[in-house]
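What follows is a set of notes on a single structure, which appears directly below.
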Amino acid sequence: MIQRTTGEKVFNVFNYIILSLLALTTLYPFLYTFTISISTKLAADTVGLHILPEWGQITLDPYKLVFRNPEIWTAYGWTLFRTVVGTTLSVFVTCFYGYALSRPNLMWKKFFSTYIMITMIFSGGQIPTFLNIKDLGLLNNVWVYILPLLISAYNTIVARSFFVGIPEALNESAKIDGAGEFRTFFQIIMPLSKPIIMTLALWIAVAHWNSWFDSMLYMTSGKKIVVQQYIQRIVNENNTAAITDFGAGENAAQNLTSETVKSASIMVTVIPILCFYPFVQKFFIKGVTLGAVKG
Amino acid sequence: MKKSDTVVVSDAYLPKKKTFGKKLRANLPLLIMILPGFIALLLFNYKPIYGLLIAFQDYRPRAGVFGSEWADNFGMANFIELFGNYKFGPVLRNTFTISFLRIIFGWPAPIILALLLNEIRCGWFKKLAQTLTYIPHFFSWVILAGIFKMLFSTVGPFNMIMGMFGLDPIPFFSDTTAFLVLIIITAVWQGMGSGAIVYIAALSSVDESLYEAAYIDGASKLKQVFHITIPSIMGTITTVFIMNLSGVLNAGFDQLFNMYNYSVYEVADIIDTYSYTLLMRSEWELGTALGFFKSVVGLVFVLTSNWFVKKISKDEYGIL
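Which chain is which? The protein sequence lines are W and B, in order. Taking our numbering, I'd label the letters of the first sequence as residues 3 to 297. Taking our numbering, I'd label the letters of the second sequence as residues 135 to 454.
Structural data, given as structure tokens:
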């Protein structure tokens with residue numbers, strides 16, 4: 003055990019304090035929002051830190067109001083649709099491409115790898131992308147949530163570097179046993195690649211869950227929007243009227259402020275992520291190191 | 135030479151040269167695997183790149199990219215209009231200001247966080263601190279902006295604390311300087327934890343015996359950090375720096391779009407938000423020219439910084 007000097011001990015104490023404060027700054031905004039979301043009008047209007055809800059001033063009315071609007075349910079439905087369907091399809095397309103690139107006997111390998119790398123450096127930018135989507139007839143079409151995100155260069159490279167690490171002998175023995183490329187992929191490679199598949203799936207799922215801009219841009223009719231876009235409209239355009247009108251004239255509305263309704267709508271998408279996060283965090287970290295070491 | 139002298143070698147003993155058809159057939163399953171990704175990239179990445187031609191055209195949506203006429207002045211009319219536009223100067227200045235500040239503060243922050251976390255010996259605390267600082271990465275700016283608008287409003291908790299010290303409330307969403315400070319701080323805050331992970335990974339592979347040797351030689355902790363820790367993650371540090379510079383014209387559309395308002399437009403309108411405005415006004419050519427300009431500048435920044443890093447590190451670091 004290395005002994006510490008006084009200076010190091012002092013630094014150590016400061017280090018713990020600084021990191022604790024930093025950790026608190028990431029926790030506090032969510033605590034605040036949560037507290038406001040379950041506060042009565044009286045408690046929410048009081049100036050304060052709102053770290054914990056005031057006992058006796060707790061109400062679920064904001065949530066009741068938010069959930070009473072059918073729009074949020076359909077928006078949630080589209081978010082779930084794109085997260086589940088989009089992630090599944092993306093993982094397959096990405097792993098297929100990455101696996102093929104990892105095979106030593108692939109023809110035109112140089113071409114296929116340059117072909118995907120170029121998309122990392124060049125892009126068409128906002129307007130050509132929009133016009134392209136329009137030309138493809140994907141405006142107001144839910145597949146616009148899924149198709150453009152099917153494959154990305156970075157994910158494919160991460161997948162490829164994982165597949166390269168799988169011993170070639172496994173492939174050869176499968177071939178001798180008469181398995182084709184697809185059978186080898188599904189029965190031998192996939193079971194061995196659970197960590198990378200999990201990591202990619204989580205990355206892609208978070209991207210799907212959080213995206214709102216495509217919904218704002220491509221759903222020009224305002225229908226079939228995702229929940230993030232629904233919240234964007236409430237928070238950004240100060241459009242709580244859209245929700246509160248719905249419950250107007252009812253007693254429940256007396257106990258609400260636009261802040262509590264906003265907070266409740268925000269928490270509706272925050273809570274699922276916070277629930278999953280502790281369990282899946284290690285996969286994210288694993289993936290980042292994988293991409294960094296070999297990328 | 136007599137005919138009988140030639141040695142006849144049967145084909146069967148030579149390595150077979152595969153014909154193209156055979157090679158293709160052997161590769162068919164792999165090519166089928168590539169196909170979906172190939173088509174997706176073609177439709178959603180390459181077609182828009184082709185669409186960049188709109189920048190040099192007198193674009194008519196009916197005719198499309200293929201049928202539109204070239205713009206005047208040898209196709210440069212849109213660029214002339216863009217550079218002459220009264221919005222172009224301020225938008226470019228705002229973009230550079232915001233992204234340079236983001237890089238100046240946002241690039242070292244994860245390194246410092248990783249170094250601090252690296253000094254923590256208590257396992258559960260390290261894990262908890264890392265977990266918590268990583269959280270903001272998982273939320274969209276829609277959510278984060280919604281929360282910040284409450285926290286930093288004039289009657290919000292931040293200004294309440296200011297009031298406890300007898301200070302006037304800061305109008306973060308109407309004062310231009312205060313808004314810029316808020317944008318930079320929240321951007322750094324959001325990216326710090328996720329940015330630190332690469333460095334933490336790099337730090338975990340540093341050979342412990344180096345520290346022991348340094349300790350025996352009497353090097354202080356601070357000296358160890360500067361002579362062992364930082365040099366060993368220098369490759370990662372420069373790579374991240376070059377990557378940051380490549381995004382120099384990405385000042386953070388999601389963040390600004392969700393946080394700005396009319397009163398701070400003069401400092402907060404960046405290339406991407408202006409491009410969105412042009413999109414909404416259906417000014418296709420001007421917007422595409424702006425995007426084209428942005429890509430070219432981004433590329434120049436990557437190449438220059440890569441060249442510079444290679445030069446000063448004598449080819450040791452660099453990404454290209």
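Beta carbons are placed, not taken as given, at the ideal position from N, Cα and C, and that holds for glycine.
Residue range of the alpha helix (DSSP H) that C97 of chain W falls in?
What you label residue 97 of chain W is simply residue 95 of the first sequence in a count that begins at 1. From DSSP, the alpha helix (DSSP H) with C97 of chain W extends over T89 to S104.
Check the DSSP bridge columns for W57 of chain W and list the partner residues they point to.
In the first sequence, residue 57 of chain W corresponds to position 55, counting from 1. The partner list for W57 of chain W (beta bridge, DSSP) is empty, contrary to what the question assumes.
In the structure shown, what three-state DSSP assignment does W75 of chain W receive?
For the purposes of this step, residue 75 of chain W is taken as residue 73 along the first sequence, with counting starting at 1. If DSSP states are grouped into helix, strand and coil, W75 of chain W belongs with the helices.
Can you pull the chain B neighbours of S125 of chain W, defined as C-beta to C-beta under 8 angstroms?
As a working mapping, residue 125 of chain W is identified with position 123 in the first sequence. Those are N179, P182, I183 and S429, listed as they occur along chain B.
Report the three-state DSSP secondary structure of S339 of chain B (helix, strand or coil).
Translated into the one-based positions of the second sequence, residue 339 of chain B becomes position 205. DSSP places S339 of chain B in coil when its eight states are reduced to three.
Taking C-alpha atoms, which residue in W:S163, W:T35, W:T27 and W:F114 lies nearest to L202 of chain W?
In the first sequence, residue 202 of chain W corresponds to position 200, counting from 1. The option with the nearest alpha carbon to L202 of chain W is W:S163.
Please confirm whether H210 of chain W has its beta-carbon closer than 8 angstroms to some beta-carbon of chain B.
Along the first sequence, one-based indexing puts residue 210 of chain W at 208. No, H210 of chain W lies away from the interface with chain B (no Cβ there is under 8 angstroms from its Cβ).
Sort out for me which residues DSSP pairs Q191 of chain B with in a bridge.
The residue labelled residue 191 of chain B in the question sits at position 57 within the second sequence. According to DSSP, residue pairing for Q191 of chain B in a beta bridge involves B:W204.
One question on the structure: do T96 of chain W and A161 of chain W come within less than 8 angstroms of each other, judged by their Cβ atoms?
Mapped onto the first sequence, residue 96 of chain W falls at position 94. Mapped onto the first sequence, residue 161 of chain W falls at position 159. Cβ distance < 8 angstroms, so T96 of chain W and A161 of chain W count as in contact.
Please name the residue in W:G88, W:Y279 and W:F132 whose C-alpha comes closest to that of L151 of chain W.
Taking the first sequence and counting its residues from 1, one reaches residue 151 of chain W at position 149. The shortest Cα separation from L151 of chain W among W:G88, W:Y279 and W:F132 belongs to W:G88.
Since Q128 of chain W meets chain B, which of its residues come closer than 8 angstroms, beta carbon to beta carbon?
Within the first sequence, the letter at position 126 stands for residue 128 of chain W. D406, S409, Y410, L413, G421 and G425, listed in chain order.
Can you check which of these residues, B:S439, B:G421, B:V430 and B:F306, is closest to N378 of chain B by C-alpha distance?
To locate residue 378 of chain B, count along the second sequence from 1; it is residue 244. Checked all of B:S439, B:G421, B:V430 and B:F306; the closest Cα to N378 of chain B is B:S439.
Who does S41 of chain W pair with in a DSSP beta bridge?
Numbered from 1 along the first sequence, position 39 holds the residue referred to as residue 41 of chain W. Under DSSP, the beta-bridge partners assigned to S41 of chain W are W:I60.
Does the beta carbon of N395 of chain B fall short of 7 angstroms from some heavy atom of the ligand MN?
The ligand MN is absent from the structure shown, which contains no ligands of any kind.
Could you name the residues of the same chain whose beta carbon sits closer than 8 angstroms to that of L413 of chain B, not counting the 5 residues immediately before and after it, in chain order?
Your numbering for residue 413 of chain B matches position 279 in the second sequence. Hits under 8 angstroms: G421.
So the candidates are W:W80, W:M109, W:A102 and W:P55; which of them puts its Cα closest to the Cα of G155 of chain B?
Locating residue 155 of chain B in the second sequence gives position 21, where the first residue counts as 1. Checking every option, the nearest Cα to that of G155 of chain B belongs to W:M109.
By Cβ distance, which residues of its chain are closer than 6 angstroms to W275 of chain B, with the 5 residues on each side in sequence left out?
Working through the second sequence from its first residue, we reach residue 275 of chain B at position 141. Within the same chain, W275 of chain B has close Cβ partners D388, Q389 and N392.
Please list the residues of the segment 195 to 206 of chain B that have a C-beta atom closer than 9 angstroms to any C-beta atom in chain W, keeping them in chain order.
P195, G198 and V199
Taking DSSP as the reference, what is the three-state secondary structure of I241 of chain B?
In the second sequence, counting from the first residue as 1, residue 241 of chain B sits at position 107. Looking at the sequence shown, residue 241 of chain B is not Ile but Trp. It is coil, neither helix nor strand.
How many Å lie between A207 of chain W and C277 of chain W at the Cα?
Residue 207 of chain W sits at position 205 when you count from the first residue of the first sequence. Residue 277 of chain W sits at position 275 when you count from the first residue of the first sequence. When rounded, the distance between both Cα atoms is 15 angstroms.
For my contact list, V146 of chain W and I129 of chain W are in at a C-beta cut-off of 8 angstroms; report their separation, rounded to the angstrom.
What you label residue 146 of chain W is simply residue 144 of the first sequence in a count that begins at 1. What you label residue 129 of chain W is simply residue 127 of the first sequence in a count that begins at 1. In fact, because the Cβ distance is near 16 angstroms, the residues do not count as touching under 8 angstroms.
Between the alpha carbons of S125 of chain W and F172 of chain B, how many angstroms are there, rounded?
Indexing the first sequence from 1 puts residue 125 of chain W at position 123. Indexing the second sequence from 1 puts residue 172 of chain B at position 38. If you take the alpha carbons of S125 of chain W and F172 of chain B, they lie about 16 angstroms apart.
Count the CB pairs spanning the segment 393 to 406 of chain B and the segment 308 to 328 of chain B that are closer than 8 angstroms, and state whether there are at least three.
yes
With DSSP as the reference, label M119 of chain W as helix, strand or coil.
Position 117 of the first sequence, counted from the start, is the residue given in the question as residue 119 of chain W. In the structure shown, M119 of chain W sits in a helix (DSSP, three-state: H, G or I).
Given a threshold of 16 other Cβ atoms within 10 Å of its Cβ, counted over all protein chains shown, does A361 of chain B qualify as buried or as exposed?
Reading the second sequence from its first residue, position 227 is the one you call residue 361 of chain B. Looking at the sequence shown, residue 361 of chain B is not Ala but His. Exposed is the call here.
Residue range of the alpha helix (DSSP H) that Y180 of chain B falls in?
Translated into positions along the second sequence, residue 180 of chain B becomes position 46. Looking at the DSSP string, Y180 of chain B is not in any alpha helix (DSSP H), and its letter there is neither H nor E.
Can you tell me whether K196 of chain W is buried or exposed, with buried defined as 16 or more other CB within 10 angstroms of its CB?
The residue you call residue 196 of chain W lines up with position 194 of the first sequence. Exposed: under 16 other Cβ atoms inside 10 Å.
In this structure, does DSSP put A197 of chain B in helix, strand or coil?
Counted from its first residue, the second sequence places residue 197 of chain B at position 63. Secondary structure at A197 of chain B: coil, using DSSP grouped into helix, strand and coil.
Report buried or exposed for K355 of chain B, applying the criterion of at least 16 other Cβ atoms within 10 angstroms of its Cβ.
On the second sequence, position 221 is the one that residue 355 of chain B refers to. It counts as buried.
At 4 residues or longer, what runs of the alpha helix (DSSP H) sit wholly inside the segment 124 to 180 of chain W?
128 to 137, 155 to 166 and 170 to 178
Excluding the 5 residues preceding and the 5 following G209 of chain B in the sequence, name in chain order all residues of the same chain whose CB lies nearer than 6 angstroms to its CB.
The residue labelled residue 209 of chain B in the question sits at position 75 within the second sequence. Answer for G209 of chain B: F190, listed in chain order.
Under a three-way DSSP split, which group does A353 of chain B fall into?
Along the second sequence, read from residue 1 onward, the residue named residue 353 of chain B stands at position 219. DSSP places A353 of chain B in coil when its eight states are reduced to three.
Using the beta-carbon of each residue, which ones in chain W are nearer than 9 angstroms to G280 of chain B?
The sequence position of residue 280 of chain B within the second sequence is 146, counting from 1. Within chain W, the residues near G280 of chain B are T35, I233, Q234, I236, V237, N238, K264, S265, S267 and I268.
Where does D403 of chain B sit, in a helix, a strand or coil, going by DSSP?
Residue 403 of chain B sits at position 269 when you count from the first residue of the second sequence. Looking at D403 of chain B - three-state DSSP - the assignment turns out to be coil, as it is neither helix nor strand.
Return the first residue and the last residue of the alpha helix (DSSP H) that G421 of chain B is part of.
Taking the first residue of the second sequence as position 1, residue 421 of chain B is located at position 287. W418 to I446 is the extent of the alpha helix (DSSP H) around G421 of chain B.
What in chain W is Cβ-close to K355 of chain B, meaning under 9 angstroms?
Here residue 355 of chain B refers to the residue found at position 221 of the second sequence. What K355 of chain B touches in chain W: R6, T7, G9, E10 and F13.
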